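*Asks:* First the structure, which I've put down as structure tokens, then a few questions once you've had a look.
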Amino acid sequence: MKDVEKNMNHIKEFIQTFYFAKNVEIVIDESSLKSVNKTPKENAASIINLYTCYSVWLCMNEIYPSWFDISIHPAQFDSELDAYECLLKYLNEYHESKFERIIKKIIENLNDMTVNEFIDIYSLVILAALVSDDKQKHINNILTLSHETQKYIHSIVETLDKENMTEFMKNEIKQLKEKMKYLEMENENLTNSLTEKNKEIEENKEKIENLQKQINTAFEKSKNQYMTQIEEQERKINDLQNSLEKQIKDKNLIENDLKGKIKELEDEQNILKQENSNIENLQNKINKYKEKLDALMTVQNINKELEDKLRNNTQKMVDMENEAEKLKFEANNLIIYKDKCAAKNQSYDQLKKEQNFDKINIGLSNVDQTEELIRLKKENENLKKQIVPDTSQEMNRMKELENEIDDLKRINKKLEDKISETMDKQYTKNDPLLLEKYEEKQKEIDEKQKEIDENRQEIKEFTETNQKIKNEIPNIQGSSDLVINEKIIKLEAELLMEKKNCAIVEESTKNKLSKEFNSALQIFKEQLQIREKETEYYKDALKTQIDISKDEQKLLSEIIHSLGLKYKQLQTYNLSLRNEITGIKLRAQTCTDLEKK
């Protein structure tokens with residue numbers, strides 16, 4: 039019992055080097071062996087007993103946390119026995135089933151676990167720490183421990199190593215025995231097969247001799263046949279050589295033809311270049327003609343302006359004709375006035391017959407005459423403003439006006455004679471009132487006479503100015519019309535000539551350009567067809583090349599894939615051979631060691 043306690047103390051001292059043991063008190067309490075309790079999931083316990091599943095899980099969790107994680111925490115299981123079983127299975131897998139015998143023994147005694155089982159478990163835990171990734175840390179921690187604990191850990195490692203070796207040797211011996219049995223069976227089979235093979239070899243020798251004879255006869259026959267075939271092939275080769283020579287000659291002829299065609303095409307290309315330059319020159323000429331056409335357009339615009347002026351002049355002529363019609367209408371009015379004057383003359387004649395002519399009527403007639411004169415003045419002013427091309431009608435009208443004035447003079451004279459007669463009659467009666475009235479009337483008549491004279495003078499002036507205007511108008515109109523007409527005729531003639539020239543140039547250039555364009559188009563179409571055929575040929579060639587390259591890539595990828603697989607297979611086979619060689623060497627060494635012992 040003292041040795042067991044010492045061993046547990048050594049284990050306790052080693053476990054205290056773990057990280058989780060720094061903040062926790064580790065206890066060795068054997069009372070927990072009698073009662074199996076479930077450990078809580080939380081790590082809040084300040085005291086940890088080594089005789090529990092929880093302490094084992096904590097150690098393995100720190101050694102290899104990826105396997106011994108929270109999923110196999112003892113609190114995850116219904117009972118602590120299940121937790122022990124799971125942890126021990128994981129330990130067995132961790133040690134690669136090297137200590138399966140020890141672990142099986144512990145699992146069988148789970149219900150009645152003793153201190154020895156726990157020592158075995160913790161010894162496996164110590165070995166796991168020394169084999170883990172952090173083994174250097176644990177080795178350094180062991181070196182800090184007491185000398186006795188170091189010895190104890192060393193002894194544990196040695197015992198486990200011996201256990202591993204014994205287990206390994208037992209398994210190897212079993213495998214060797216099985217192989218020996220298998221080899222003996224194979225040896226018997228091989229001896230039987232050898233006897234059968236020897237018999238077959240003897241039979242095959244006889245067959246080979248017979249076949250050799252047949253081969254010799256067949257060889258001679260085939261030799262003769264091949265000789266005849268060779269002679270025929272030599273003849274064929276000679277024929278083919280002759281045909282090749284002919285083909286080479288034809289090829290040379292075709293090449294010469296192609297060279298000639300290439301030269302022709304180059305010449306055509308040069309011709310096309312010249313035609314292109316000609317087309318450019320023609321284009322420049324067309325641009326020049328366009329500029330000339332623009333100049334013609336400006337001339338046409340000037341012509342249009344002149345035409346507009348002509349239209350305006352014609353419109354003025356039409357307006358003057360309308361004015362002439364108005365003057366005709368005025369002439370008709372004058373005729374009406376003459377009729378009125380005739381009617382008045384008739385009335386004056388009636389007054390002559392009447393002796394008792396009223397003075398008031400004389401005054402009224404004078405007023406009517408003045409009104410007529412005012413109206414005639416206005417009409418004359420209107421006539422001044424109006425410019426009439428027909429001068430004969432104007433002169434007639436003036437004559438008519440003068441005649442009317444003469445008529446008025448006559449009427450006035452008649453009235454004066456009549457008034458003088460009445461005055462003589464009154465004088466005879468010596469009436470002073472009548473004399474006064476007579477003097478007043480005489481004054482009024484004198485004033486009217488003056489006004490009539492003034493009106494006559496104004497009429498003369500109006501007639502003279504009108505005559506001057508009439509004489510000047512046709513001269514001005516005639517000179518301006520002649521100049522304009524001459525200019526218009528010249529411009530129209532120039533326009534016609536330019537239009538004709540432009541039309542001729544346009545037709546000639548169009549014909550030339552159309553011919554050259556059609557010929558160039560034809561050449562370009564032929565060249566396009568040749569280029570399209572060439573492109574189609576190259577496209578087909580590219581497609582075939584692409585398909586070939588794709589097939590080659592597929593074959594290469596398949597070959598590379600198969601080579602990779604073979605390489606991996608060879609690698610695995612090489613590794614397996616190496617492992618077998620190392621295993622055989624180890625077995626041989628162990629066998630020699632056992633024989634020595």
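The sequence shown: position 308 = 346 (our numbering), numbered continuously. Virtual Cβ for every residue (Gly too), placed ideally from N, Cα, C. Note that the structure is a prediction, hence the values are computed from the model and not measured.
Measure the Cβ-Cβ separation of residue 94 and residue 163 and say whether it is below 8 Å.
*Replies:* Yes. Within cutoff.
*Asks:* Does the beta carbon of residue 129 fall short of 7 Å from some heavy atom of the ligand GDP?
*Replies:* Of ligands this structure carries none, so the ligand GDP is not represented either.
*Asks:* Per DSSP, which residues does residue 6 bridge with? Please list them.
*Replies:* Because the chain in this structure spans residues 39 to 635, residue 6 falls outside the shown range and cannot be described.
*Asks:* Buried or exposed for residue 568, going by 16 or more other Cβ atoms inside 10 Å?
*Replies:* By the neighbour-count rule (16 or more Cβ atoms within 10 Å), residue 568 is not buried but exposed.
*Asks:* Whole angstroms is fine: what's the gap from residue 216's alpha carbon to residue 625's?
*Replies:* Going by the C-alpha atoms only, they are around 15 Å apart.
*Asks:* Could you name the residues of the same chain whose beta carbon sits closer than 8 Å to that of residue 147, not counting the 5 residues immediately before and after it, in chain order?
*Replies:* These residues qualify, in order along the chain: 155.
*Asks:* With burial defined as no fewer than 16 other Cβ atoms inside 10 Å of the residue's Cβ, what is the status of residue 605: buried or exposed?
*Replies:* With fewer than 16 Cβ atoms within 10 Å of its Cβ, residue 605 is classed as exposed.
*Asks:* Here's the rule: buried if 16 or more other CB atoms are within 10 angstroms of the residue's CB, otherwise exposed. What is residue 343?
*Replies:* Classification of residue 343: exposed, given that the 10 Å Cβ count is below 16.
*Asks:* Can the beta-carbon of residue 170 be found less than 8 Å from the beta-carbon of residue 101?
*Replies:* Result yes, Cβ atoms of residue 170 and residue 101 sit closer than 8 Å.
*Asks:* Give the C-beta separation of residue 97 and residue 56 to the nearest angstrom, bearing in mind that I take them to be a contact with Cβ-Cβ under 8 Å.
*Replies:* Indeed they touch by this definition, with Cβ atoms about 6 Å apart.
*Asks:* Mind checking which residues open and close the alpha helix (DSSP H) that includes residue 174?
*Replies:* 173-182 is the extent of the alpha helix (DSSP H) around residue 174.
*Asks:* For the alpha helix (DSSP H) containing residue 151, name the first residue and the last one.
*Replies:* Element bounds for residue 151: n/a, residue is neither H nor E.
*Asks:* Do residue 110 and residue 91 come within 8 Å of each other at the CB atom, strictly closer than that value?
*Replies:* Cβ distance not < 8 Å, so residue 91 and residue 110 don't count as in contact.
*Asks:* Just the C-alpha distance for residue 288 and residue 577, rounded to the nearest angstrom, thanks.
*Replies:* Approximately 28 Å, taken between the alpha carbons.
*Asks:* Does the separation of the CB atoms of residue 144 and residue 126 fall below 8 Å?
*Replies:* Their beta carbons are under 8 Å apart, which means residue 144 touches residue 126 by this criterion.
*Asks:* Starting from the C-beta of residue 49, find all residues in its chain whose C-beta is less than 6 Å away, skip the five residues before and the five after it, and write them out in chain order.
*Replies:* Result list for residue 49: 160, in chain order.
*Asks:* Could you check the C-alpha separation between residue 401 and residue 481 for me, to the nearest Å?
*Replies:* Confidence at residue 401 is low in this model, with a pLDDT of 44, below 50, so its placement is unreliable and no value can be given for it.
*Asks:* DSSP three-state label for residue 107, please.
*Replies:* Residue state, collapsed to three classes: coil.
*Asks:* Buried or exposed for residue 176, going by 16 or more other Cβ atoms inside 10 Å?
*Replies:* With 16 or more other Cβ atoms within 10 Å, it is buried.
*Asks:* Could you say which of 89, 530, 226 lies nearest to residue 157 if we only look at CA atoms?
*Replies:* Here the closest residue by C-alpha is 89.
*Asks:* With H, G and I counted as helix, E and B as strand and the rest as coil, what does DSSP make of residue 367?
*Replies:* Three-state result, residue 367: helix.
*Asks:* Beta-carbon within less than 6 Å of residue 280's beta-carbon, same chain only, minus the 5 sequence neighbours each way: which residues are those?
*Replies:* Result list for residue 280: empty, nothing under 6 Å.
*Asks:* By a C-beta neighbour count over all protein chains shown, 10 Å radius and 16 as the cutoff for buried, is residue 53 buried or exposed?
*Replies:* The residue in question, residue 53, is buried, as its Cβ has 16 or more Cβ neighbours within 10 Å.
*Asks:* Using the rule of at least 16 other Cβ atoms within 10 Å of the residue's Cβ for burial, across every protein chain shown, is residue 247 buried or exposed?
*Replies:* Exposed, by the Cβ-count rule.
*Asks:* Compute the distance between the beta-carbons of residue 51 and residue 152, then report whether it is under 8 Å.
*Replies:* Not a contact, by the Cβ cut-off of 8 Å.
*Asks:* Is it right to say residue 112 is buried, meaning 16 or more other beta carbons lie within 10 angstroms of its own, or is it exposed?
*Replies:* Buried is the call here.
*Asks:* Can you tell me whether DSSP reads residue 524 as helix, strand or coil?
*Replies:* Three-state DSSP puts residue 524 in a helix.
*Asks:* In or out: residue 632 buried (at least 16 other Cβ within 10 Å) or exposed?
*Replies:* Residue 632 should be labelled exposed.
*Asks:* Just reading off the alpha helix (DSSP H) that residue 123 is part of, what are its end residues?
*Replies:* 118-132 is the extent of the alpha helix (DSSP H) around residue 123.
*Asks:* Would you tell me roughly how many angstroms separate the C-alpha atoms of residue 128 and residue 122, rounded to the nearest one?
*Replies:* Looking at the two C-alpha atoms, the distance is approximately 10 Å.
*Asks:* Quick one: Cα of residue 290 to Cα of residue 298, how far?
*Replies:* In a straight line, the C-alpha of residue 290 is about 12 Å away from that of residue 298.
*Asks:* If we ignore side chains and look at the alpha-carbon of each, how far apart do residue 59 and residue 46 end up?
*Replies:* Residue 59 and residue 46: Cα-Cα distance of roughly 16 Å.
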